[in-house]
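Worksheet: the structure to be examined is printed underneath.
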Amino acid sequence: MGKGKRIKAKRRGSSGTGSGFLAHAQEVLTRNFQKEIRNSAIWPQMVAEFGEAKAEELLKQCKGELRPGLMPDEAGYGPEDI
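Position one of the sequence shown corresponds to residue 0 (numbering that gives the first Met the number 0), numbered consecutively onward.
Here is the structure:
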């Protein structure tokens, strides 16, 4: 791999999940989503039914996802306006 390709790969990030604003927004969305579930009424039910370790494992599977082409909200703003 040449120097130019290494620099481009470093800029893009080698994780393959994407980098930049959208990747960061998806991470923040996931964190907030998991925090809301943990603070909701369903969390104690999950812990009672599955146990603490399994409930945490299930919670880690809940991820926020940004998809292109979502419909605009009431104000007329869509995902392209982010």
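By construction, the Cβ of each residue, glycine as well, lies at the ideal position given by its N, Cα and C atoms.
- Counting the other Cβ atoms within 10 Å of the Cβ of Ala-54 gives 16 or more, which makes it buried.
- Relative to Lys-62, the option among His-23, Ile-6, Gly-3 whose CA is nearest is His-23.
- In this structure, the beta-carbon distance from Arg-37 to Leu-58 falls below 8 Å.
- A direct Cα-Cα distance of roughly 18 Å separates Gln-60 from Ala-47.
- Closest in alpha carbon position to Glu-64, among Gly-50, Phe-32, Ile-6, is Phe-32.
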